[in-house]
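Enquirer:
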């Protein structure tokens, strides 16, 4: 062999490790190192060399069984796999990667090549593997200097493992801060400016802050300062009890120890619940995972290299160099501006310039996150601590800034933090992405202005249906679905179809401010708002914070402001006029800075003419608005189904755009055959990398539970597999099979189950549906949503087009065709009857509308029925005599749903059934819509009584993301308010004897068998119904499997009710799935030579081990005693529906006493 060596410094205690492994040509050398001043657990370092890359399961399992965490496995494994960047898969590569995955080990390097040899592709042959508990302490760096070898040196550093660290922490006493800030503002008679408010915030935060030093070793992620505090008290009480051994001292120590254990248990549970909740709803889920692992984003090297080759070592020079690389020179051209309102004032533009309301402020504040503050140090939590009266003070300052169009200087200043781009060289100055921190007060103002601007642009239908990005009701999946449908329609018509993807150079940083303002004015934005935006972009300043050093302040007058809430909308408006310069028969798709043209014509001459014409127009547009397209990073692809020429020159600015066999648009890789194989290979590699990182959460000591791990993996991995389900659902069985393999691997990791666990049991215990049904679920949710938002996107019309054109049986599996119709037929759903989406209504525009949910005494839930009824009678008697009283209600049974509306002034009743898919919430909303549309037709005062507080609350907090029935009801109300004198919606408690409510409820129940009165269907309820059908299909698969009868206890088993440490939880899960590593199972996997029990000489199964093996008679007697049951049955032990916690404790005690697991 090649020979192995491990050199250890004489300063480190070390011990050679011997391994007893099956015969193989793989060479192994191991050593134990004691790292850190207080580490009791040594780190085992293993050096491996495989000359031919051959590995067997038995050899790998034998190696792992002789290792104990923490460990680090390094060496030349000589394997090739696409997940490691290779173009092919070597013989035993899957075996090795599966071994790493099954045993919850982590790969430190999956994207940096380590071997470069002339005439061959670079490869990643030298792997660095570590145990999960060591992953967050390891840093890996690959040197580019090969030292005359074909392998690159790899540096693996372990930091913070086993060392005590001293940290100085500061925290704010928020109750004290709230009292101080509110008292200070209440006692101030003068109106505070923004600068004065900033000083008050700063002084109150300083006086309410407390600092403390924490000396401790590296703890689990959920460990906090209070844990340190209780741990220190426990130590003090223990020392006292040992010094003065009095029963009272020992009792105090035990109480403190119990208190610490209880707090740790509660803290751990809440930490993982909050983490999973944040991860599941975040658009940057994987970033959260990396941040939680405490991976340092600062570079390892101490120098920076400029583009010119100059090396900088001074932190000040480095900070200034990064600032210079960010700075863009503004064009000298100036456009004259007219900000006056008189030239083109409309109703919608006037609404932009009216003063902000307190409701707008509170809504904007509720949508903000408590993120890093700007230079002023004000956070969102500080602003939330203000009282209602002091929020009015902030609102007054905001309105003054709006009316005067002034922008405070601190709002135009940014603190820029350079973050290393993934996979980039840390020593190069261009490898850093600037992240700007701006004032939170400014962001609050911007968010209020953003809501108005969005509503203004959507009311004007300013944006094209083919433009998305930072706009409501449109997303990446919206445009990618239309792209696919357009390509399929063109291929079905036998047209030539070509796609061109354009890449804008530094798109956000190159926006011309004068050009942006010109386009804003052209769109109709006028008056103080337009002038404020102009001043907001004028004379902006920033500085770079780098390694504790700040660069010089520099001005930048080009590009949308980094970190600004308004910047995405600014850029979207700036790019919108691209649609005006292109021909109508050329489809342009625009998502932020991603431009994709789709050209379809019968002949190649027409295609070429249109391509060259569009490129000429885009070149002219770039010159006019000072933007630049990189032709080298752009690409052109031929999607045609029939033979057509490709490879002809397509020049842009003197450089030819390269041809490609696949192009990536909005996260989906479209290949020229529309097979999506390259896309599936790409997401598989990404899924394996993410799973490799998440394994660090499965530490046996502090790791997350199976329930929390499944939530994290669903958010980070499985959702990425499902992304683009409407497109990649076209793939064949092989594509679904490869994705299903990843899905099964994720479930095995979450539940700690071995590779021999049957697939149906995996899906049953995890309550997960298979990947095909997951795609159906995601696809149905997407298309039902698109049927509702058809007025804002082009997906619904493109579905109809492709379904009428595509008739070939090959396309019968398309999500846009067969599956859509199939599921709609199963739930008896008409897509045209789905409630359409409308824009949210601003109630501030209507002074004659009121929503009353907590205004009257009878609306309190704590009152008894008689008191509520009496108080409502008193309220009813004081109403004006000409007030028209209406009531509405809904009723739902198993087979029907009905609504009713009653006019108590005219005794007129409207009642009838609605689609049974609709929920009670939707039914109550439709009942309100029925009452308003039928009765509010005169100039009168109306009051509608309803017991649906949820509908009224949804109306009060209406926004773009509100349920569709809420948006629909708001539109009905807005129409009625133009007719009636006033309208009040009043909440009345249900079933307390209020006559109007009881009457409407009785009529609704009697109308369950009545004819249909409204045929609208809520998209949320339709999606939920499709989910039920998909879950039923998964249940049918389980019922048809051979394991259904053998593992009948899994029907009632709920893994979320198990609250055990990770190691014990995995043991219980393996017990109930009969996947414990007994000889009978290991022999099937060729891991042992014989399936027999060494004592009884019969096959060693899980039943034999638990129930009859003579070797464990003593442990079995203890099990019987714990359960109070002499005859034992494996089925009875696995049924946790009765005495579940007692059985779990007894089973774990038995397994621990056996010494096998």
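Numbering (my numbering), first residue to last: 1231 to 2387. Quick reminder that beta carbons are idealized off the backbone N, C-alpha and C, glycines included. This structure is a prediction, so every number in the text was calculated from the model and none was measured.
1) Which term fits residue 2167, buried or exposed, when burial requires 16 or more other beta carbons within 10 angstroms of its beta carbon?
2) Kindly indicate which three-state DSSP category residue 1697 falls into: helix, strand or coil?
3) For the alpha helix (DSSP H) that contains residue 1960, what are its first and last residues?
4) Using the C-alpha atoms, what's the distance from residue 2169 back to residue 2213?
5) Taking only runs of the beta strand (DSSP E) that begin and end inside the stretch 1868-1913, which ones reach a length of at least 3 residues, in chain order?
6) On the DSSP letters alone, give me the boundaries of the alpha helix (DSSP H) that residue 2343 sits inside.
7) Give me, in chain order, the residues of the same chain whose beta-carbon lies closer than 8 Å to that of residue 1523; leave out the 5 immediate sequence neighbours on both sides.
8) Return the CA-CA distance between residue 2346 and residue 1259, expressed in angstroms with no decimal places.
9) Cutting at 6 Å between CB atoms, please list the residues of its own chain near residue 2306, excluding the five before and the five after it.
10) So, with DSSP's three-state summary, where would you put residue 1733?
11) Might you give, ordered along the chain, the residues of its own chain that have their beta carbon closer than 8 Å to the beta carbon of residue 1746, omitting 5 neighbours on each side?
12) Can you grab the Cα-Cα spacing for the pair residue 1568 / residue 1637, in whole Å?
13) Output the residue ranges of the alpha helix (DSSP H) runs that lie fully inside the stretch 1982-2022 and measure 4 residues or longer, sorted by chain position.
14) Give the DSSP bridge partners of residue 2129, in chain order.
15) What residue from 2286, 1468 and 1356 has the CA that sits closest to residue 1934's CA?
16) Does the beta-carbon distance from residue 2280 to residue 1977 come in below 9 Å?
17) Excluding the five sequence neighbours on either side, which residues of its own chain have a C-beta within less than 7 Å of the C-beta of residue 1950, listed in chain order?
18) Among 1290, 1831 and 1737, which has the Cα closest to the Cα of residue 1857?
19) Touching or not, the stretch 1450-1460 and the stretch 1431-1441, by the rule of three or more beta carbon pairs under 8 Å?
20) What number of angstroms, rounded off, separates the C-alpha of residue 1462 from the C-alpha of residue 1469?
21) Excluding the five sequence neighbours on either side, which residues of its own chain have a C-beta within less than 6 Å of the C-beta of residue 2364, listed in chain order?
22) Could you work out which residue in 1723, 1796 and 1662 is closest to residue 1684 when comparing CA atoms only?
23) When the Cα atoms are used, what is the spatial distance from residue 1982 to residue 1581?
24) How big is the Cα-Cα spacing for residue 2310 and residue 1252?
25) Tell me, please, which residues DSSP counts as bridged to residue 1726.
26) Classify residue 1792 as helix, strand or coil using the three-state DSSP reduction.
27) In whole angstroms, what is the alpha-carbon distance linking residue 2350 and residue 2099?
28) Output needed for residue 1180: all residues of its chain with C-beta closer than 8 Å, excluding positions within five of it in sequence on either side, in chain order.
29) Under three-state DSSP, which class holds residue 1853?
30) By the 10 Å Cβ neighbour count, where 16 or more other Cβ atoms means buried, how is residue 1500 classified, buried or exposed?
31) Who does residue 1275 pair with in a DSSP beta bridge?
32) Okay, do the stretch 1611-1625 and the stretch 1686-1694 touch, 3+ Cβ pairs below 8 Å being the bar?
33) Out of 1622, 2325 and 2294, which one is the CA nearest neighbour of residue 2381?
34) Should residue 2123 and residue 2151 be called a contact, given that it needs their Cβ atoms to be closer than 9 Å?
35) What did DSSP end up calling residue 1473 once you bin it into helix, strand or coil?
36) Identify which residue in 2095, 1703, 2101 and 2081 has its Cα closest to the Cα of residue 2088.
Expert: On the basis of the data shown:
1) Burial call: exposed.
2) Residue 1697: strand per DSSP, three-state reduction.
3) Where residue 1960 is concerned, there is no enclosing alpha helix (DSSP H), given that its DSSP letter is neither H nor E.
4) 10 Å
5) Entirely contained in the stretch 1868-1913, the beta strand (DSSP E) runs reaching 3 residues are, in chain order, 1892-1895 and 1898-1901.
6) 2343-2353
7) Because the pLDDT at residue 1523 is just 41, under 50, the model does not fix this residue reliably, and the value given afterwards should be weighed accordingly. Closer than 8 Å at Cβ, skipping near neighbours: 1365, 1366, 1923 and 1926.
8) 41 Å
9) 2300 and 2332
10) strand
11) 1767, 1790, 1800, 1803 and 1804
12) Cα to Cα, the separation comes out at about 19 Å.
13) 1989-1996 and 2001-2018
14) 2120 and 2142
15) 2286
16) no
17) Answer for residue 1950: 1913, 1916 and 1917, listed in chain order.
18) 1737
19) no
20) 11 Å
21) 2279 and 2302
22) Among 1723, 1796 and 1662, the Cα nearest to that of residue 1684 belongs to 1796.
23) 58 Å
24) 20 Å
25) The partner list for residue 1726 (beta bridge, DSSP) reads 1831.
26) Residue 1792 falls in the coil class under three-state DSSP.
27) 59 Å
28) Past the edges of the chain, shown from 1231 to 2387, lies residue 1180, and the structure says nothing about it.
29) helix
30) exposed
31) 1261 and 1302
32) no
33) Checking every option, the nearest Cα to that of residue 2381 belongs to 2294.
34) no
35) If DSSP states are grouped into helix, strand and coil, residue 1473 belongs with the helices.
36) 2101
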